[in-house]
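Everything below concerns the one structure shown next.
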């Protein structure tokens, strides 16, 4: 793999926006993301600037990690949010303990199966452990088998917790966790 795995930088909002818009056009985006392409594309540049600055290198509350190819193109991304005990998660459920929450996982189709996704997850976990987190979790839609299979290979295990998926589908989002060893 010839990609550089690194945290984003504050000024890279245009690249972050571009990758997010590509992600939201993926065939399983409706299962993987809590945002639609139409909503994201309508956001002003200031939104993307703030979003990028809030997850850039050196930020303690969240970190967006990318895989940058030799040509400078971003092949994929993952973000870790630090959740504090007593806060509310994206599903409006109370967080019981300080932990990491992986969101925004996306790798361009042409880079899947190349080791990029694993390298992004390894970096995300390394950042989480360095931040003093003892547990990292993520949610996967019950119908997103491709993602679930990868998460299991990366060491995440189902916790038994599920929450209703957004919308009125009756589907569930399943929590997967990994504990620091």
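Residue numbers (the UniProt record's numbering): 1 to 181.
Quick reminder that beta carbons are idealized off the backbone N, C-alpha and C, glycines included.
Status (buried if at least 16 other CB within 10 Å, exposed otherwise) for residue 17: The residue labelled residue 17 in the question sits at position 17 within the chain shown. Answer is buried; the Cβ neighbour count reaches 16.
Determine the burial state of residue 123: buried for a count of at least 16 other Cβ atoms within 10 Å of its Cβ, exposed for fewer. Locating residue 123 in the chain shown gives position 123, where the first residue counts as 1. So residue 123 ends up on the buried side.
Would you say residue 173 and residue 139 are within 8 angstroms of each other, going by their C-beta atoms? For the purposes of this step, residue 173 is taken as the residue at position 173 of the chain shown. For the purposes of this step, residue 139 is taken as the residue at position 139 of the chain shown. Yes. Within cutoff.
Any chance the segment 90-107 sits against the segment 41-54, with 3 or more Cβ pairs inside 8 angstroms? With the cut-off at 8 angstroms, the segment 90-107 and the segment 41-54 do not touch.
Between 76, 181, 64, 5, which lies nearest to residue 133 when the distance is taken from Cα to Cα? As a first step, residue 133 must be located in the chain shown, where it is residue number 133. Of the candidates 76, 181, 64, 5, the one whose C-alpha sits nearest the C-alpha of residue 133 is 181.
Using only the heavy atoms of the ligand SAM, determine whether one of them is closer than 7 angstroms to the beta carbon of residue 179. In terms of ligand content, the structure shown is empty, and the ligand SAM therefore cannot be addressed.
Since residue 128 is in the beta strand (DSSP E), which residue starts that stretch and which ends it? Position 128 of the chain shown holds residue 128. From DSSP, residue 128 is part of no beta strand (DSSP E) but of the alpha helix (DSSP H) over 116-130.
Cβ pair residue 30, residue 76 closer than 8 angstroms: To locate residue 30, count along the chain shown from 1; it is residue 30. To locate residue 76, count along the chain shown from 1; it is residue 76. The beta carbons of residue 30 and residue 76 sit no closer together than 8 angstroms.
Does the beta-carbon of residue 247 have 16 or more other beta-carbons within 10 angstroms, so that it is buried, or is it exposed? The chain is shown only over 1 to 181; residue 247 falls outside these bounds and no answer can be derived.
Of the listed residues 127, 114, 118, nearest to residue 155 (C-alpha basis): Residue 155 sits at position 155 when you count from the first residue of the chain shown. If we check each option's Cα against that of residue 155, 118 comes out closest.
Complete runs of the alpha helix (DSSP H) confined to the segment 31-98 [at least 4 residues]: 37-41, 45-53
What whole-angstrom Cβ distance do residue 190 and residue 159 have, given they're in contact under 8 angstroms? Nothing in the structure corresponds to residue 190, since the chain is present only between 1 and 181.
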